[in-house]
Amino acid sequence: MDNVQDNRPWVLVRGAGDLATGVIVRLHRCGFRVAVTECADPSAIRRRAALCEAVWNGQATVEDVTCRRVPDAEEAVRVAQAGGVPLLVDERAECVSALRPAAVVDAILAKRNLGTSRDMAPITVGLGPGFTAGDDVDAVVETMRGHHLGRVILQGAAIPNTGVPGVIAGYAAERVIHAPASGEMAFVQDESGCTVDIGALVHKGQPIAQVGGVPVLATIDGVLRGLIRQGYPVTAGLKIADIDPRPEQAACCDTVSDKARAIGGGVVEALLYLARQRGIRLLD
Numbered sequence: 082m083d084n085v086q087d088n089r090p091w092v093l094v095r096g097a098g099d100l101a102t103g104v105i106v107r108l109h110r111c112g113f114r115v116a117v118t119e120c121a122d123p124s125a126i127r128r129r130a131a132l133c134e135a136v137w138n139g140q141a142t143v144e145d146v147t148c149r150r151v152p153d154a155e156e157a158v159r160v161a162q163a164g165g166v167p168l169l170v171d172e173r174a175e176c177v178s179a180l181r182p183a184a185v186v187d188a189i190l191a192k193r194n195l196g197t198s199r200d201m202a203p204i205t206v207g208l209g210p211g212f213t214a215g216d217d218v219d220a221v222v223e224t225m226r227g228h229h230l231g232r233v234i235l236q237g238a239a240i241p242n243t244g245v246p247g248v249i250a251g252y253a254a255e256r257v258i259h260a261p262a263s264g265e266m267a268f269v270q271d272e273s274g275c276t277v278d279i280g281a282l283v284h285k286g287q288p289i290a291q292v293g294g295v296p297v298l299a300t301i302d303g304v305l306r307g308l309i310r311q312g313y314p315v316t317a318g319l320k321i322a323d324i325d326p327r328p329e330q331a332a333c334c335d336t337v338s339d340k341a342r343a344i345g346g347g348v349v350e351a352l353l354y355l356a357r358q359r360g361i362r363l364l365d
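Letter by letter, the sequence shown follows residues 82 to 365 in the numbering used here.
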């Protein structure tokens, strides 16, 4: 495919964490020409389902979509022509001037707007709280679990951030573990001598990591679905792990989650709806 000219307009996704990855995977599979921007030191918890790992490793694959880190827009074109998704380390999305995307999707999930504006592209979409459709973006996609997850909002904002994770199998805040201290993240071994990492079945009270020498203990029984990368410098209170109380989810740690897939569907709907309303070409 390297010699085939690709004239599709770009859809630029800001962010490549696990929820953003659900968006990227859906857009790429639907035929959009996707480029991604990330910060220089992403702190993804669900690393095996997050394309931002390409920042650290040069490339990352989730399901059948491969993301490759590139230095500039010129290399981004080559990666897209070869069937991949290019990622630029560009926290401020300065590549907008070079790529001139037809659409920008802010999938940083910072609960606030970190610089996306409607003048960045003909179509702009923001995910979750922090954006107002008709003000700083053209559409907002709901990210709160429940009846409205993935809903496209064309006027107004998403449900405000509650600060409490969605309930899964009766657990909410207990599912998420925050750093007990500041320091470097270190992995540990279980009683059998195996390194505790994503996908492991853990029990309440079991050490799952150390931060600055302070043990990090499992808060509930379940599957360790997320764990920040080894060696990452964390500050006290930072989210560093995620436990799913459903044991069968051990087989799903490296795939797009139900929530991320629903949000991705909402983004596809928003882009196609606005493109049709405005006569903007996004696909072949």
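Quick reminder that beta carbons are idealized off the backbone N, C-alpha and C, glycines included.
These figures come from a predicted structure and were not determined experimentally.
- Three or more beta-carbon pairs separated by less than 8 angstroms are not found between the stretch 183-194 and the stretch 312-328, which leaves the two stretches without contact.
- Setting aside the 5 residues that flank it on each side, leucine 282 is surrounded in the same chain by Val304, Pro328 and Ala331, each with a C-beta closer than 7 angstroms to its C-beta; the list follows chain order.
- Annotated three-state conformation of proline 210 is coil, per DSSP.
- Between the stretch 332-346 and the stretch 101-111 there are three or more C-beta pairs closer than 8 angstroms, enough to call the two in contact.
- Proximity to valine 269 across Ala356, Arg114, Val292 and His259 peaks at Val292, based on C-alpha coordinates.
- Annotated as distal: leucine 169 and arginine 199, with beta-carbon spacing of 9 angstroms or more.
- Boundaries of the alpha helix (DSSP H) harbouring lysine 340: 339-359, taken from the DSSP string.
- A direct Cα-Cα distance of roughly 28 angstroms separates isoleucine 204 from threonine 336.
- Within the model, the alpha-carbon separation for alanine 179 versus isoleucine 301 is close to 47 angstroms.
- In the structure shown, proline 328 falls within a helical segment according to DSSP collapsed to helix, strand and coil.
- Listed in chain order, the beta strand (DSSP E) runs fully inside the stretch 151-226 are 166-170, 184-187, 204-208 and 220-222, counting runs of at least 3 residues.
- The three-state secondary structure of glutamate 134, taken from DSSP, is helix.
- Counting along the chain, the unbroken alpha helix (DSSP H) around alanine 101 starts and ends at 99-110.
- Contiguous beta strand (DSSP E) elements confined to the stretch 297-325 occur at 303-308 and 320-325, taking only those with 3 or more residues.
- The beta carbon of alanine 356 lies closer than 6 angstroms to those of Leu363 in the same chain, with the five residues before and after it left out.
- It is roughly 10 angstroms from the alpha-carbon of proline 123 to the alpha-carbon of glutamate 172.
- For arginine 362, the secondary structure class from DSSP, reduced to helix, strand or coil, is coil.
- Between the alpha carbons of glycine 244 and valine 257 lies a gap of roughly 11 angstroms.
- Taken through DSSP and simplified to helix, strand or coil, arginine 232 comes out as coil.
- The residues Ala299, Ile301 and Asp302, in chain order, have a CB closer than 6 angstroms to that of lysine 285 in the same chain once the five nearest residues on each side in sequence are set aside.
- Note: arginine 95 is bridge-paired with Thr118 and Asp187 in the DSSP secondary-structure output.
- Judged by DSSP in its simplified three-state form, cysteine 148 adopts strand.
- In its chain, beyond the 5 residues on either side, Ala97, Gly98, Glu119, Pro123 and Ala125 have a beta carbon closer than 7 angstroms to the beta carbon of cysteine 133.
- Under the three-state reduction of DSSP output, alanine 260 falls in the coil class, being neither helix nor strand.
- About 13 angstroms separates the Cβ atoms of glycine 207 and glutamine 236, ruling out a contact at the 8 angstroms cut-off.
- Distance from leucine 319 to histidine 228 at the Cβ level is roughly 31 angstroms; contact not present, criterion being Cβ atoms closer than 8 angstroms.
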